[in-house]
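Novice:
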Amino acid sequence: MTEQVFRLIPATLNYPWGKKGSSSLVAQLADGAGIPDFKIDESKSYAEIWMGTHPNAPTRVHSTGQLLSEHLAAHPELVGEPIIKRFGLENGRIPFLFKVLSFDKALPVQIHPNKHAAEHVQSESLKAHVDSNHKPAMALALSDFSALCGFLPTFQVSEFLSFVPEFASLFPSDIITHFTSVARSPDESECKAALKDLFSFYAQIDKEEASVHVKSLVDRYQAGKESDEEKTVKLLVLRLHEMYPNDSGIFCAFILNHFDLKPGHAFSVATGEPHAYITGDIIECMAASDNTIPLAFSPPSHLDIPTFLTNVVYSPAPGRALIQPTMFTRGSTHTSGSLLYNPPIDELAVMQVIVAKGGVESHHKLRGPSIAVVVEGEGTVVWAEGAKRLGVGKGQAVFIAAGTEVKYSAFETAFKLYRAFVEVA
Ligand SMILES: [Zn+2]
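Numbering (this note's numbering), first residue to last: 3 to 427.
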């Protein structure tokens with residue numbers, strides 16, 4: 003018999019868009035996580051912390067240092083037969099990858115491929131980075147969170163074309179004329195086809211040439227010569243320009259939806275949907291995959307525009323419906339502090355659990371494995387009907403086996419954790 007609840011050692015990733023040193027939530031969590039020899043380096047960027055079984059940055063078991071995947075392969079009952087069967091899991095894998103991201107510079111504008119595309123990546127440059135899984139994802143804001151995601155409705159793109167000359171000058175006149183003539187059409191497929199023409203042209207544009215147009219746009223905005231319609235988008239353009247000076251990706255401000263989200267707001271990202279996270283601290287939970295196909299804000303050697311274009315999905319829509327969290331009340335009277343975010347993604351759901359000082363929160367059995375990470379305060383996880391307990395503090399992550407009833411108790415301070423899990427009906 004192995005333990006049903008045990009501590010994990012997550013892995014950190016130092017992408018250049020991560021916040022620096024101890025200002026990064028990722029560094030703060032890593033500092034408490036019990037990663038051997040970890041010490042915050044104030045000159046380093048701490049972008050992501052990963053919890054899961056993906057081999058690109060695998061999690062280990064704290065007490066033994068063994069890979070979590072190896073441990074789960076030896077003890078498949080911790081994951082549960084129904085989950086293993088449903089997702090065709092091998093080698094101790096779990097279906098989701100759970101991350102915390104902390105960034106003050108935009109991540110590459112990108113899409114996540116669907117499963118078919120992931121299995122059929124041809125290009126050598128991408129092959130090195132792509133596994134065979136799809137990657138639908140959910141982003142949940144822990145602080146103010148700014149992001150680009152999904153195509154704007156075509157009429158809005160067409161308005162930008164009419165009052166932003168630097169954006170319009172990227173395109174030949176026949177593309178603009180056609181786009182403008184159908185942008186308000188009630189025929190959705192006509193709009194999508196026109197968007198595809200316009201966007202494909204933009205994606206393949208010569209980066210040097212486009213940066214000349216970015217420069218004149220930025221010069222005009224910096225000189226305060228924007229029209230009234232450009233007041234809002236100007237701020238976004240200048241912000242992106244500060245992060246990626248003169249990068250042609252800045253024109254995404256006129257093509258994709260921009261959101262400013264508050265803590266607790268969450269949305270899902272479908273496969274094929276272009277997006278870029280700009281600034282914030284977030285939970286990101288996704289089907290266990292590391293697949294991304296970048297378009298911009300990325301070194302040219304990482305780009306494969308033809309693959310990007312065959313995988314991008316054109317579904318223009320205004321704004322974005324946030325995921326409405328619901329109180330998690332399953333079979334218990336002590337769950338008033340548990341909020342469930344359940345996106346339309348089979349592989350995952352995430353719970354936010356807040357335990358008040360001196361309080362208890364209890365979760366009945368879940369029909370699948372979970373990983374929980376404490377982001378504030380400290381407390382205790384209790385299981386086996388009170389016979390077992392584990393103290394946990396900020397940054398500490400634990401695995402909770404399928405079918406385990408757990409209680410969380412707070413004593414001196416309140417504490418807050420996020421629990422990612424998967425279930426089958
Ligand atoms: Zn992404």
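Using N, Cα and C, we set each Cβ at its ideal position, and we do this for glycine too.
Spatial neighbours of GLN398 within its chain, please: CB distance less than 8 Å, with the 5 preceding and 5 following residues excluded, ordered by chain position.
Specialist: Cβ neighbours of GLN398 beyond the five flanking positions: ARG9, GLY34, ALA35, GLY36, VAL375, VAL376.
Novice: Threshold first: 4 residues or longer. Then list the alpha helix (DSSP H) segments lying entirely within the region 66-111, N to C.
Specialist: 70-76, 83-89
Novice: Given LEU144, which residues of its chain have a CB within under 8 Å of its CB, disregarding the five upstream and five downstream residues?
Specialist: LEU27, VAL102, PRO265, GLY282, ASP283, ILE284, ILE285, VAL377
Novice: Which one of LYS41, LEU70, LYS396, VAL314 has the shortest CA to CA distance from SER372?
Specialist: In this structure, LEU70 is the residue among LYS41, LEU70, LYS396, VAL314 with its C-alpha nearest to the C-alpha of SER372.
Novice: Starting from the Cα of CYS193, find the closest Cα among LEU154, ASP292, VAL214, LEU341 and give me that residue.
Specialist: LEU154
Novice: Check VAL426 in the structure and name its three-state DSSP category.
Specialist: coil
Novice: For VAL383, list the residues DSSP reports as bridge partners.
Specialist: LEU392, TYR410
Novice: Take PHE261 and list the residues in its own chain whose beta-carbon comes closer than 6 Å to its own, dropping the five residues that flank it on each side.
Specialist: ALA149
Novice: Is the beta carbon of ALA412 sitting closer than 7 Å to the one on GLY339?
Specialist: No, the pair does not count as a contact, with Cβ atoms beyond the cut-off.
Novice: Which one of ALA427, ALA32, GLU83, PRO57 has the shortest CA to CA distance from GLU72?
Specialist: Nearest option by C-alpha distance: PRO57.
Novice: Excluding the 5 residues preceding and the 5 following PHE89 in the sequence, name in chain order all residues of the same chain whose CB lies nearer than 6 Å to its CB.
Specialist: PRO97
Novice: Which residue from ARG421, PRO318, LEU392, GLU349 puts its Cα closest to that of HIS64?
Specialist: LEU392
Novice: Applying the 10 Å Cβ sphere with the 16-neighbour rule, what's the burial state of ASN93?
Specialist: It counts as exposed.
Novice: Cutting at 8 Å between CB atoms, please list the residues of its own chain near ALA120, excluding the five before and the five after it.
Specialist: VAL132, ASP133, SER134, ASN135, HIS136, LYS137, SER291, ASN293
Novice: Can you list, in chain order, the residues of its chain with a C-beta nearer than 7 Å to that of SER229? Leave out the 5 residues immediately preceding and following it.
Specialist: Apart from sequence neighbours up to five positions away, the residues of its chain that approach SER229 with a beta-carbon distance below 7 Å are PHE165, ordered along the chain.
Novice: From LEU200 to GLU275, what distance separates their C-alpha atoms?
Specialist: Going by C-alpha positions, LEU200 is about 16 Å away from GLU275.
Novice: Alpha carbon to alpha carbon, how far is GLU387 from GLN434? Give it in angstroms, no decimals.
Specialist: Here the chain has residues from 3 to 427 only, and residue 434 is not among them.
Novice: Looking at the secondary structure, which residues open and close the alpha helix (DSSP H) in which GLU121 lies?
Specialist: 117-121
Novice: How far does the beta strand (DSSP E) with GLU190 in it extend, from its first residue to its last?
Specialist: No beta strand (DSSP E) holds GLU190; the alpha helix (DSSP H) holding it covers 190-205.
Novice: Terminal residues of the continuous beta strand (DSSP E) containing GLN354?
Specialist: 351-357
Novice: Give me the Cα-Cα distance between VAL81 and ILE307, rounded to the nearest whole angstrom.
Specialist: Inter-residue distance for VAL81 and ILE307 is about 38 Å (C-alpha atoms, whole angstroms).
Novice: Restricting to Cα atoms, I'd like to know which of ALA278, VAL271, LEU263, SER270 is closest to ALA255.
Specialist: ALA278
Novice: By the 10 Å Cβ neighbour count, where 16 or more other Cβ atoms means buried, how is PRO18 classified, buried or exposed?
Specialist: exposed
Novice: Using a Cβ cut-off of 7 Å (strictly closer), state whether VAL111 contacts chain C.
Specialist: Any reference to chain C falls outside this structure, which holds one protein chain only.
Novice: Closer than 6 Å: is that where the CB of GLN112 sits relative to any heavy atom of ligand 1?
Specialist: yes
Novice: Along the chain, where does the alpha helix (DSSP H) containing ASN293 start, and where does it finish?
Specialist: Counting along the chain, ASN293 falls outside any alpha helix (DSSP H), and DSSP gives it neither H nor E.
Novice: Where do the N-terminal and C-terminal ends of the alpha helix (DSSP H) with GLU25 fall, by residue?
Specialist: Looking at the sequence itself, residue 25 is Ser, so the reference to Glu does not match. No alpha helix (DSSP H) holds SER25; DSSP gives it neither H nor E.
Novice: Tell me where the beta strand (DSSP E) around SER134 begins and ends.
Specialist: Membership of SER134 in any beta strand (DSSP E) is not indicated, and neither H nor E is assigned to it by DSSP.
Novice: Is ASP106 closer than 7 Å to LYS21 when the C-beta atoms are compared?
Specialist: yes
Novice: Give the secondary structure of HIS304 by DSSP, where H, G and I count as helix, E and B as strand, and everything else as coil.
Specialist: helix
Novice: Does the count of Cβ pairs from the region 177-196 and the region 218-225 closer than 8 Å reach three?
Specialist: no
Novice: Do GLU363 and PHE417 come within 7 Å of each other at the CB atom, strictly closer than that value?
Specialist: no
Novice: Alpha carbon to alpha carbon, how far is GLU190 from GLY152?
Specialist: Rounded to whole angstroms, GLU190 and GLY152 show a C-alpha spacing of 16 Å.
Novice: Only counting the same chain, and skipping five residues up and downstream in sequence, which positions put a Cβ closer than 7 Å to that of ILE86?
Specialist: For ILE86, where only same-chain residues beyond five positions count, the Cβ hits under 7 Å are PRO78.
Novice: For the putative contact between TRP52 and PRO12, defined by C-beta atoms under 8 Å, what is the C-beta separation to the nearest angstrom?
Specialist: 6 Å
Novice: Just tell me which of LEU163, ILE207, ASP249, ARG322 has its CA closest to the CA of ILE257.
Specialist: LEU163
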